[in-house]
Every structure is written in C-alpha cells, then in structure tokens.
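Protein chains in written order, with UniProt numbering: chain U, 1 to 229; chain Z, 1 to 229.
All residues carry an ideal CB built from backbone N, CA and C; glycine is no exception.
This structure is a prediction, so every number in the text was calculated from the model and none was measured.
Right, one structure below, let's go through it.
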DNA sequence: CCAAAAGTGTTTCCCTTACACCCATGA
DNA sequence: TCATGGGTGTAAGGGAAACACTTTTGG
C-alpha cells in the first residue's frame, strides 16, 4: 500500500529570487515591474514556478535568468513561505533564494532589461504578496552571514580600494566602522592581494587597489572563518 | 492575463520532522518505522503531506502529533529538499523542520507509541530517501544554534544538575568542556536558579539542583545572547 | 578510610576597541 | 598653500581558556 499521495494535495511551488547588489555606495536590491496579472504594474521579486524536471536551485537560476538576463549566480536558499492566502490566485508555496552580485559585472545583461531595476534598500516600494517579508528576512540573513564569513568577492569590481570594501561592509551592516580597525581585521583574514596600482579618482593622493586572493577567499568562505564587526 | 499557473506544474509538498531529544547522556533523534510502502519496514523521519488549508508550520505540528502523539512543540523550519528523484513514487519536494524536546516530558505521549523510537545519533540507521542528509543538516544547524543562544530548557527535566547541563552541551557539540569554565559561562548568562535541593543519585556528596528562570531564559533566547563554547 | 563526584578562583593571553596625526597631490 | 581623502600603530580592557586541589559521605 502506498499512502498519502493524493492528487488533491498537490500545490504550486514558486521560487522567488532576492538579488542584492552594491553600487559602491548603497546596498541595492533588484526588482521587476510585473507586466501581467495579478498585481500588474506593481513591483516584485523575480519569481516563477518550479517545473517537474528541475530542483529548486535549478528553478531559481532559470527564473533569474529569464527575467533579468543575469546568469551564473550562486544563490542560497533562504526560506519557504506558506501562508494559505499568500497568493490570491491559487494555493502557492514559495521558496525564496538570495544572492549578492556585482552590479557592474552584470549591468550589460541587465541593459536590454526586461523591466528589472535596482532599488536602494531604503527606497524599496511596497511589493506584491509577502515579498517585503521575504526581503527583510534576506537582509537579516545577509547581515548575519557577513559577520561570519568574508564577503565582497561577488559584490565589488575585480580591483577595488580599501575604502570601497569598507563602504560595502558599512552598507550591509548599516553602521559605521573604524578605518584602522577595519583594515587590521581584513588583513588578519589574509584574503586580499595589494596591487601596485592606485585608483586616482577618489583623491589627489590616490589609493592603492586590492584584489581578492580567490583561493584563500574560497577556503575561508567554506570554513566559515569568523569575522565580527 | 494571469501567467504561469499551469496545473501540470503542481507538486506534492511533504514535511519531514527531525526531533532531537536528550536522555541525560546522549543526544538522540526520534524515528519511525514505516508500516506502508514505499520502503516499508525501513526507518524514517516523521513525514506527511502539506494540506491545502494549512501552512508548513501547521503541517509539521500535525504530522508530528499524528505519528508520535507529541504535541505543543515549537519546530523551526530547516530547509526544502527538491532533488527530482528524491521520492521514487512521485515528484515530491520536502520541507524539513526540527525541534529539540525533553524526552521524559514526552515519554508518556510516546508510550502507546505508534512505531516511534529514539536513536542515539551514533546509531542512526540508514533512512529512506534523503532523510540522512536532512538529519545531518539539522545536526549542523543545532550545533550552530547552540553556540549562539542558550539551550536546554526544552531538553532537560525541570530540575537538573549542573553536570547534566554540561553533559547536554557536550553531547550537542560533541566535545568535552572544562567544568569550571562551563559553570562560569553559564552563570554569566544569568538564566539559572539554584535550588536548595540536592540530587543524591549521582554521588555520595550529592549535587545541587537548578532550574531555568523561564523569563530570563526566553529573553536571552530571543535576543540571541551570545554563548561560545 | 577510600573511592567518586562536587565544588570552587586565578592567571594568562588574545582579541576587540578606542583613538590622532602625518602624507601626498591637484587645484 | 590648502583642502581632501589616504595611510598608519598602540594602549587598555574584557572575555576565553588553561589549570589543581579540597570537600563530602556512603560503602
């Protein structure tokens, strides 16, 4: 006997993607304006339905790519939302994913752009369904993650200044950090390579550029090297 | 126009519950022996299908209660598993939940017991589907949580000795802790009340019993008071 | 009187934090 | 020459970890 598999219990399973980006100044999130019902015209996360032949991870990647042109992003599963009436059209459970990406690097993909637009976190509009709740949960998770393992590789241009990295951390954590302590902390992580080049755009003196040491960075990532700020 | 809602995409959404308990010595997990196909006779987590009129949280509580008699447990959502072939009968996504409970307190419920049985973590058999993977993920999460906020209220009898509490932490973290440092740490959390009674079963001298100060405990819980061991 | 577990403080070390001044250069 | 951001080190304080001996009492 096989129990429990009753077709009446089948549901729609959606996937919604929360994509964070960093423009050098603010932490932003990618949203799209819906051009279909329900809630046509309102802003929302990138969402779609799980297909029968793909995993949730696959679906998240496909949906993000279809709606924004962005591809090759590692997204992490966040949470599954299941309020009975969260979607007014049909019973739909949604599993949310989030990722942080380098805005510049993906700008080209976004240019011919599908209705997608970056919003600073402080200017996010009211979103459809429970998407604001999803976004808030993603922000909290991102902050926690930032305190636990290094971040930035995905968010900064290949070469960046120490100030840019600090701006990133300050934007994510939403607090100011001491310049010297920050540098000491970052150096102690041993994931940066100091270049001989300087960026001359930000000051008369110019500031040295850095890049991530990808091998070391990945190692620290997976080992959840502890960074508290 | 309403796009995307195509009935072919509907899937079964299961919920699986990982219940940890502590017997004073070892960390254990509650499993049931399936009395139905597929995989009849094999051990598994407590699982069932999401119904149309309930949230995932509701479903987890209902399933746990139906299969084990245990009720009034706060479970936390862990992760949604979606490998295409994870369930050989039909495409099924499973959202897992986990909780830690006091074995003694729920023993009565378990006595007339449905096929449920406690297994020490080191003696967990091969489980159906991807349930071993779920369990491992839950253990990792439990360990991390234990390092971040106090734990024990749900797992120990109302009155307990300091040694029992230390045993609990050692079982969860799977490492030995220094007795004096442990006591200092716990005292600094200020969540215990020392009783005048002694437990005389464990030694000739006897050891003082403690209980949790529920108000303070809950406060620390929600504030994610930091405890590193 | 002895075995077995309970109980108890101090020191060291490292990480975190706070903090201020000089440097280089283009305008 | 001056305004602007870049770059640099140290001292104090607090939490974590290491560590050993005395107490109690039933058998």
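DSSP bridge partner residues for residue i (one or two, in chain order)
{"i": "residue 11 of chain U", "result": "Z:11"}
{"i": "residue 97 of chain Z", "result": "Z:17, Z:77"}
{"i": "residue 33 of chain U", "result": "U:43"}
{"i": "residue 211 of chain U", "result": "U:193"}
{"i": "residue 48 of chain Z", "result": "Z:15"}
{"i": "residue 92 of chain Z", "result": "Z:12"}
{"i": "residue 28 of chain Z", "result": "Z:21, Z:120"}
{"i": "residue 160 of chain U", "result": "U:210"}
{"i": "residue 102 of chain Z", "result": "Z:22"}
{"i": "residue 239 of chain Z", "result": "Nothing in the structure corresponds to residue 239 of chain Z, since chain Z is present only between 1 and 229."}
{"i": "residue 127 of chain U", "result": "U:43"}
Contact with chain Z by residue i, beta-carbon distance below 8 Å
{"i": "residue 141 of chain U", "result": "no"}
{"i": "residue 77 of chain U", "result": "yes"}
{"i": "residue 91 of chain U", "result": "yes"}
{"i": "residue 191 of chain U", "result": "no"}
{"i": "residue 231 of chain U", "result": "The displayed coordinates of chain U run from 1 to 229. Any statement about residue 231 of chain U would go beyond what the structure contains."}
{"i": "residue 225 of chain U", "result": "Only weak support is given to the placement of residue 225 of chain U: the predicted model assigns it a pLDDT of 46, under 50, and the value that follows is read from those uncertain coordinates. Residue 225 of chain U does not count as touching chain Z."}
{"i": "residue 84 of chain U", "result": "yes"}
{"i": "residue 135 of chain U", "result": "no"}
{"i": "residue 221 of chain U", "result": "no"}
Whole-angstrom C-beta distance between residue j and residue i, which should lie under 8 Å
{"i": "residue 109 of chain U", "j": "residue 47 of chain U", "result": "So it is not a contact: roughly 19 Å between Cβ atoms."}
{"i": "residue 64 of chain U", "j": "residue 100 of chain U", "result": "Actually they are not in contact, since the Cβ atoms of residue 64 of chain U and residue 100 of chain U sit about 13 Å apart, beyond 8 Å."}
{"i": "residue 81 of chain Z", "j": "residue 162 of chain Z", "result": "Not really, about 39 Å apart at Cβ, beyond 8 Å."}
{"i": "residue 8 of chain Z", "j": "residue 91 of chain U", "result": "The Cβ separation is near 16 Å, so there is no contact."}
{"i": "residue 165 of chain U", "j": "residue 29 of chain U", "result": "Rounded, the Cβ-Cβ distance is 20 Å, inconsistent with contact."}
Test item: CB-CB of residue i and residue j under 8 Å
{"i": "residue 217 of chain Z", "j": "residue 153 of chain Z", "result": "yes"}
{"i": "residue 150 of chain Z", "j": "residue 221 of chain Z", "result": "yes"}
{"i": "residue 13 of chain U", "j": "residue 117 of chain U", "result": "no"}
{"i": "residue 3 of chain Z", "j": "residue 56 of chain Z", "result": "no"}
{"i": "residue 21 of chain U", "j": "residue 33 of chain U", "result": "no"}
{"i": "residue 78 of chain Z", "j": "residue 138 of chain Z", "result": "yes"}
{"i": "residue 98 of chain Z", "j": "residue 18 of chain Z", "result": "yes"}
{"i": "residue 208 of chain Z", "j": "residue 185 of chain Z", "result": "no"}
{"i": "residue 157 of chain U", "j": "residue 102 of chain U", "result": "yes"}
{"i": "residue 204 of chain U", "j": "residue 172 of chain U", "result": "no"}
{"i": "residue 131 of chain Z", "j": "residue 45 of chain Z", "result": "yes"}
{"i": "residue 167 of chain Z", "j": "residue 54 of chain Z", "result": "no"}
{"i": "residue 15 of chain U", "j": "residue 50 of chain U", "result": "yes"}
{"i": "residue 128 of chain U", "j": "residue 39 of chain U", "result": "yes"}
{"i": "residue 10 of chain U", "j": "residue 198 of chain Z", "result": "no"}
{"i": "residue 213 of chain Z", "j": "residue 192 of chain Z", "result": "yes"}
{"i": "residue 115 of chain Z", "j": "residue 35 of chain Z", "result": "yes"}
Beta carbon proximity, residue i to chain U, threshold 8 Å
{"i": "residue 20 of chain Z", "result": "no"}
{"i": "residue 218 of chain Z", "result": "no"}
{"i": "residue 95 of chain Z", "result": "yes"}
{"i": "residue 149 of chain Z", "result": "no"}
{"i": "residue 9 of chain Z", "result": "yes"}
{"i": "residue 12 of chain Z", "result": "yes"}
{"i": "residue 80 of chain Z", "result": "yes"}
- request: Could you list the residues in the region 49-67 of chain U with a C-beta less than 9 Å from some C-beta on chain Z, going in chain order?
  value: 49, 50, 51, 52, 53, 54, 55, 56, 57, 58, 59
task: Note down, in chain order, all residues in the region 22-49 of chain Z with a beta-carbon under 8 Å from any beta-carbon belonging to chain U.
output: 36, 37, 38, 48, 49
query: Which of the residues in the region 170-192 of chain Z, read from start to end, lie with their CB under 7 Å from any CB of chain U?
result: none
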